[in-house]
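Remarks on the structure that follows.
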Amino acid sequence: MSHAFPRRRTAVLGLAFVATAALLAGCSATPAPTATLEPGETASGTLVVSTFPFGVEEFQQAIVDPFEEATGITVELDTGSNADRLSKLELNGDSSGIDVMLISDYYAALGQSKDLFAEVDADEVPNLAEISDFAKEEQYDGPAYSYQLNGTLYRTDQMTAAQAADWETFGEPEYAGKIAMPDISVTAGQLTVSGIADVFGSDPYDVDEAFSTLASWNDNVLQYYTSSTEVSSLLSQGEIAAAPALSGFATSLVASGAPIAWTAPTEGKFMATNRAMIPVGAPNTPAANAFIDYLLSAEAQTSSAAIVGDLPVNPGATVPEDLTEIAGLAATDPIGDGYATLDIDTIVENRTDWVDRFAREVSSL
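Sequential numbering from 1 applies to the sequence shown in UniProt numbering.
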């Protein structure tokens with residue numbers, strides 16, 4: 001068995017990132033340690049972690065602070081959108097200064113197609129052996145550390161759970177103008193397209209059938225949303241009855257006491273993952289390995305679930321009641337609950353075409 005993190009290299013597809021001249025905010029403040037440690041040596045120095053722009057304080061509390069205390073390594077956070085951070089990484093190449101990039105699965109695979117990421121070494125990250133199989137898929141150079149479930153957010157005063165779990169409800173005449181749909185450009189959008197394709201077409205990638213079905217529901221669609229804020233506002237104000245959305249969107253809405261719930265679909269159940277990747281040329285690989293190992297530990301996964309709201313990939317983690325009440329079994333065992341991940345090579349290869357077609361054939365009608 002290879003000592004490197006197992007994965008199947010995504011083919012170079014010639015997809016271009018949006019170039020940007022902005023310089024990366026953080027860089028290592030200490031001389032770069034050697035790429036591997038000698039026996040008995042421990043990781044040290046400064047670690048630059050590139051991560052999402054939301055939930056930063058919670059991430060600091062749940063993961064960064066205890067990691068720094070346990071290791072003595074100083075962590076600097078560099079935040080931004082998936083697209084912006086990946087564009088900067090491509091622009092700066094080996095001199096990016098980034099040691100670990102936390103990024104959604106599609107963008108992780110897109111970066112792999114440009115050879116921007118190195119394989120995570122399983123020998124240096126023992127907790128890889130402890131996480132669920134779906135979190136160490138061969139499609140990726142780095143492991144998943146959390147996942148997102150696609151389902152339906154709905155108003156309990158306008159729709160039953162059984163209706164919300166049935167894709168055909170989105171086309172029912174009684175919900176004319178009362179549905180929101182995710183744009184394909186957002187995570188829930190691709191998962192929704194694939195769910196509809198799987199149910200109404202031949203497989204999750206039958207976008208011909210998915211786009212045709214979505215277009216036939218357009219009389220019911222008030223808006224194609226591109227942010228969690230949009231769909232949360234529409235639901236809270238009662239402007240819509242339901243919308244396909246990620247389970248993470250539901251936590252604050254349900255906690256608010258509003259008549260809102262989330263349910264998984266009965267079929268066409270797909271999920272996305274967030275990955276921990278090490279860029280090629282990372283200046284502090286030993287510290288990067290140590291950080292990823294900590295991130296995957298049961299302790300860190302429990303803390304992240306409780307404070308950040310991330311669904312854990314380590315089965316030894318404890319999931320808080322508010323997450324299990326929303327997602328049920330899928331909060332601890334998504335595969336056992338019928339969820340599946342998508343073949344990321346297929347998504348990367350077709351993404352540009354599918355986004356263009358969605359705009360022409362679905363959302364602009």
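Note that CB positions come from ideal geometry on N, CA and C, so glycine has one too.
As the structure is a prediction and not an experimental result, all values here were calculated from the model.
Under the three-state DSSP convention, the category residue i falls into
i      : result
Ser227 : coil
Pro173 : helix
Asn150 : strand
Tyr294 : helix
Ala144 : strand
Pro286 : helix
Ala264 : coil
Val308 : coil
Thr214 : A small correction: the amino acid at residue 214 is Leu; Thr does not occupy that position in the sequence shown. Helix, per DSSP.
Lys269 : coil
Leu235 : helix
Ile184 : coil
Val221 : strand
Ala317 : coil
Ala165 : coil
Ala245 : strand
Ile278 : strand
Ile179 : strand
Exposure of residue i, with buried meaning 16 or more beta-carbon neighbours within 10 Å
i      : result
Ile278 : buried
Pro286 : buried
Pro31  : Bear in mind that the predicted position of Pro31 carries a pLDDT of just 34, short of 50, making it too unreliable to give a figure here.
Thr346 : exposed
Gly93  : exposed
His3   : For His3, the predicted structure reports a pLDDT of 46, less than 50, and the residue's modelled location is therefore unreliable. A value from the coordinates is still provided. Label assigned to His3: exposed.
Asp157 : exposed
Gly336 : exposed
Phe249 : buried
Phe54  : exposed
Asp198 : buried
Pro265 : buried
Pro173 : exposed
Proximity of residue i and residue j at Cβ, strictly below 8 Å
i      : j      : result
Pro182 : Met271 : no
Pro143 : Asp293 : no
Val207 : Arg357 : yes
Gly195 : Lys269 : yes
Ser146 : Val319 : no
Val193 : Ala180 : no
Leu47  : Val100 : yes
Ala282 : Ala288 : yes
Asn284 : Gly45  : yes
Lys178 : Ala241 : yes
Ala258 : Ser236 : yes
Gly171 : Asn220 : yes
Supposed contact pair residue j and residue i - C-beta distance, whole angstroms, cut 8 Å
i      : j      : result
Ile73  : Ala243 : Not confirmed; about 41 Å, so no contact.
Leu102 : Phe52  : 7 Å
Val280 : Asp115 : 7 Å
Any non-hydrogen atom of the ligand FAD closer than 7 Å to residue i Cβ
i      : result
Arg275 : This structure does not include the ligand FAD; it has no bound ligands of any sort.
Report the residue ranges of all beta strand (DSSP E) runs contained in full by the stretch 39 to 125; include only those spanning at least 3 residues, in chain order. With a minimum length of 3 residues, the continuous beta strand (DSSP E) runs that stay inside the stretch 39 to 125 are 46 to 51, 74 to 79 and 100 to 104.
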